[in-house]
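The structure appears below as structure tokens.
Chains as they are written, first to last, in our numbering: chain C, 7 to 208; chain P, 63 to 709.
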């Protein structure tokens with residue numbers, strides 16, 4: 007370690023070499039895609055549990071006497087899907103140097119995401135069963151809950167993006183932050199469609 | 063989150079404030095300590111508030127409170143206090159970014175190893191030192207297990223404590239030693255080998271290291287809570303572990319989450335680094351095999367680790383929230399745990415082996431002075447193992463009562479894995495064949511690995527066959543097999559890698575005499591410890607039981623004594639590492655006359671590895687090939703490279 011210290015006395019004068027990128031894809035976007043790959047596998051584990059309970063065990067869905075508020079969930083789905091379009095609007099706006107579109111798009115996306123999450127919490131509170139009431143509630147709460155956690159994370163990212171957008175940190179040349187957060191938000195939306203179809207519709 | 067570029071920005075310490083404020087509020091251990099308590103308190107408050115609001119009684123219910131405040135919120139506070147989130151928090155709150163001053167990069171004194179450091183070389187050393195500490199704790203637990211097993215009957219521990227000992231032993235060795243030790247070696251070597259200045263995401267790299275001690279401390283500390291540690295084996299089978307275990311089981315569930323998050327982040331970082339940060343000319347077919355090995359391992363980690371996260375979430379929810387994932391009485395599916403768990407944990411076997419294969423390829427080619435035999439097939443067989451590794455999980459479940467039609471397909475795929483593995487073994491042998499062998503310590507460990515891993519691999523092929531597996535399931539034959547592949551395989555490669563890169567990491571040579579002594583002690587004691595387990599296993603001695611039939615007494619006494627010798631051999635390693643690090647001979651930049659890029663810079667390497675990114679012009683293993691060049695570096699770093707690398 008002594009040798010290590012001596013070798014770096016001139017540390018402050020050192021600078022990293024000019025980096026060389028061996029791929030056209032930007033590291034942070036590739037990182038986000040790989041992270042989403044990992045997230046898909048996490049959902050995969052939860053869907054495997056769903057498969058075991060519903061297909062292998064043949065649990066009645068929903069198990070009487072419980073009901074699922076399908077219409078409410080459908081409206082909620084529409085809200086979340088719409089938020090994906092406003093997200094896309096925000097991204098195309100920032101690429102065209104249109105700060106109004108960026109801010110409005112991000113704000114609308116955030117508000118719709120928040121509406122979705124609040125509706126889901128309200129649904130939990132009035133649904134009439136709890137986690138300990140058997141296999142059907144277990145899977146219901148865990149799949150929608152896992153997705154809810156992802157909405158929460160997505161909203162946190164959106165909040166930070168919105169703050170930065172209103173402070174004018176993004177423009178046509180610097181919109182990585184919007185793009186990466188946007189990829190995540192689209193993933194959260196697509197996952198909800200899958201959760202909605204398997205838990206509420208099928 | 064950007065790569066190592068000149069235009070990324072980091073906040074500097076709040077220097078306008080007085081020294082006291084900086085002491086308490088600046089990133090570091092003081093802030094980590096009070097933020098640990100603060101976040102723990104917040105977690106406690108929120109849990110109690112939610113239970114009160116939801117009308118769940120009792121409000122002060124131990125399990126969810128301990129889980130959320132002590133095992134989730136408090137560690138986040140610790141990380142925040144240490145400063146792992148500083149840049150991101152600063153960015154998230156909308157502050158304008160400042161120019162990167164590289165203040166968090168590199169080590170100038172020993173103190174820099176105890177803070178959040180973004181230098182991949184420092185992180186590599188942090189990983190290795192941390193994992194060796196957990197290796198020692200895990201080894202100590204193993205010797206306690208052997209002390210109990212030295213004679214039939216119960217000597218020192220009651221059965222629950224005994225079960226806790228071997229469970230924590232396995233968890234530490236797997237999640238806190240083998241997997242992260244490989245991550246540490248790769249952290250140090252891979253960016254250098256690629257000709258990059260650092261990993262793609264240095265701050266993420268620092269975060270993923272600091273998650274690790276949290277996981278380890280969580281698992282070890284489960285001994286000190288009421289009712290003791292988790293005691294259902296490292297596999298944590300449900301419903302045993304999800305409903306009939308003390309609070310310690312939750313420590314295991316959550317510890318695995320922290321370790322898993324750490325390894326997913328590292329793997330993601332490796333993948334992005336390898337894809338986007340290669341030096342010009344470094345095509346995929348010119349990458350050293352260590353880089354290939356970590357590329358394939360990282361694919362496995364990113365794809366498979368979420369499944370163990372899932373299995374531990376379900377088990378924990380069954381425990382804390384009374385859900386019914388694995389509770390058959392309430393509509394759950396008990397076998398589901400094993401399917402989900404092994405869908406991760408079989409690929410995890412390769413996560414614990416493929417980086418070792420990479421180390422072996424480096425060491426064997428360098429010390430045989432020959433090009434690696436079958437380079438492309440070596441890389442492709444790694445990919446084949448990745449693909450096949452996902453199709454064999456149920457061979458751990460032949461006796462579990464799962465659908466019988468699953469048995470034969472899983473047996474066939476299991477036996478198929480012997481083909482890519484065999485390709486690698488024979489390619490290494492062909493590399494050694496007719497080479498100019500140099501029996502330095504890394505090469506001795508490589509030879510030890512080759513012979514021991516073949517034994518472990520052969521017993522693996524036996525276990526892959528359904529009838530033999532049914533006969534020896536849950537006996538000491540399994541214990542022997544796993545130790546031959548994980549100790550004789552993985553741990554030997556970790557030792558080889560530590561000795562091989564020791565001069566590069568520390569700038570000093572280790573003692574070759576002590577290294578050889580360490581190897582021979584380990585090799586002999588290892589075989590004396592684990593080989594007899596095959597015999598008593600076939601005769602029917604069950605594993606994971608504190609007591610056994612008197613007819614196994616003689617072998618068990620022998621195994622216990624050998625295991626203490628194996629423990630003692632680690633002391634030689636420790637003594638060698640510590641004294642050599644402090645007083646060893648100064649290492650030249652390329653003591654092994656290796657061609658890969660990390661040996662072409664000084665020992666230890668400069669803070670940013672290269673003054674200019676090198677130009678790669680050829681393969682990495684052209685030893686003995688006249689005029690072969692791997693890369694061209696700027697002159698200031700290439701001074702000490704011997705003219706004729708290929709001798």
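Here a beta-carbon is modelled for each residue, glycine too, at the ideal position from N, C-alpha and C.
Predicted model, so just to flag it, every value in this text is computed and none were measured.
Q. What's the C-alpha gap between residue 450 of chain P and residue 142 of chain P?
A. 40 Å
Q.
When you compare the CB of residue 33 of chain C with every CB in chain P, is at least one pair closer than 8 Å?
A. yes
Q: With DSSP collapsed to three states, give me the class of residue 456 of chain P.
A: helix
**Q.** Endpoints, the alpha helix (DSSP H) within which residue 506 of chain P is located
**A.** 503 to 526
Q) Which parts of the region 385 to 439 of chain P are runs of the beta strand (DSSP E), unbroken and 3 residues or longer, counting only runs that do not cross its ends? A) none
Q: Starting from residue 180 of chain C, follow its DSSP beta bridges and name the residues at the other end.
A: C/177
Q: Please state whether DSSP places residue 307 of chain P in a helix, a strand or coil.
A: coil
Q) DSSP three-state call for residue 604 of chain P: helix, strand or coil? A) strand
(Q) I'd like to check one pair, residue 652 of chain P with residue 662 of chain P: are the Cβ atoms closer than 8 Å? (A) yes
Q. Is there at least one Cβ from chain C nearer than 8 Å to residue 392 of chain P's Cβ?
A. yes
**Q.** Identified DSSP bridge partners for residue 678 of chain P
**A.** P/693
Q) When you check each C-beta in the region 361 to 381 of chain P against every C-beta of chain C, which residues fall closer than 9 Å? A) 363, 364, 365, 366, 367, 368, 369, 370, 371, 372, 373, 375, 376, 379, 380
Q: Note down the Cα distance separating residue 393 of chain P from residue 142 of chain C, rounded to an integer number of angstroms.
A: 8 Å
**Q.** Assigned exposure category for residue 424 of chain P - 16 Cβ within 10 Å defines buried
**A.** buried
Q) Where residue 288 of chain P and residue 230 of chain P are concerned, what is the direct C-alpha to C-alpha distance, given to the nearest angstrom? A) 16 Å
Q | Under the three-state DSSP convention, the category residue 96 of chain C falls into | A | helix
**Q.** Closer than 7 Å at the beta carbon, the chain C residues around residue 333 of chain P
**A.** 40
Q. In terms of alpha-carbon separation, which member of P/503, P/463, P/696 lies closest to residue 639 of chain P?
A. P/503
Q) Which class does residue 132 of chain C belong to by DSSP, given the choice of helix, strand or coil? A) helix
**Q.** Partners in chain C for residue 384 of chain P, counting only beta-carbon separations shorter than 7 Å
**A.** 137, 138
Q.
If contact is defined by three or more beta carbon pairs under 8 Å, each pair taking one atom from either stretch, is the region 554 to 564 of chain P in contact with the region 475 to 493 of chain P?
A. no
Q | For residue 565 of chain P, the first and last residue of its enclosing alpha helix (DSSP H) | A | 554 to 568
Q.
Please state the DSSP three-state secondary structure of residue 648 of chain P.
A. strand
Q. Residue 89 of chain P by DSSP, collapsed to three states: which one?
A. coil
Q: Hey, could you find the ends of the alpha helix (DSSP H) residue 380 of chain P is sitting in?
A: 351 to 382
Q.
By the DSSP assignment, the alpha helix (DSSP H) with residue 136 of chain P in it spans what residues?
A. 136 to 144
Q) So, using beta-carbon positions, are residue 493 of chain P and residue 581 of chain P closer together than 8 Å? A) no
Q. Contact between the region 443 to 463 of chain P and the region 395 to 402 of chain P: three or more CB pairs below 8 Å?
A. yes
Q) Should residue 82 of chain P be labelled buried (16 or more other beta-carbon atoms within 10 Å of its own) or exposed? A) exposed
(Q) Just to confirm before moving on: does the CB-CB distance between residue 193 of chain P and residue 137 of chain P stay below 8 Å? (A) no
Q: For residue 466 of chain P, go through chain C and note every residue whose CB falls closer than 9 Å to its CB, in chain order.
A: Those within 9 Å of residue 466 of chain P in chain C number zero; the least Cβ separation is about 15 Å.
Q) According to DSSP, is residue 291 of chain P helix, strand or coil? A) strand
**Q.** Option in P/214, P/205, P/250 with minimal Cα separation from residue 228 of chain P
**A.** P/205
**Q.** Nearest-angstrom Cα separation, counted from residue 196 of chain C out to residue 161 of chain C
**A.** 15 Å
Q: Classify residue 501 of chain P as buried or exposed, calling it buried when 16 or more other Cβ atoms lie within 10 Å of its own Cβ.
A: exposed
Q: Confirm, please, whether the CB-CB distance from residue 534 of chain P to residue 540 of chain P is below 8 Å.
A: yes
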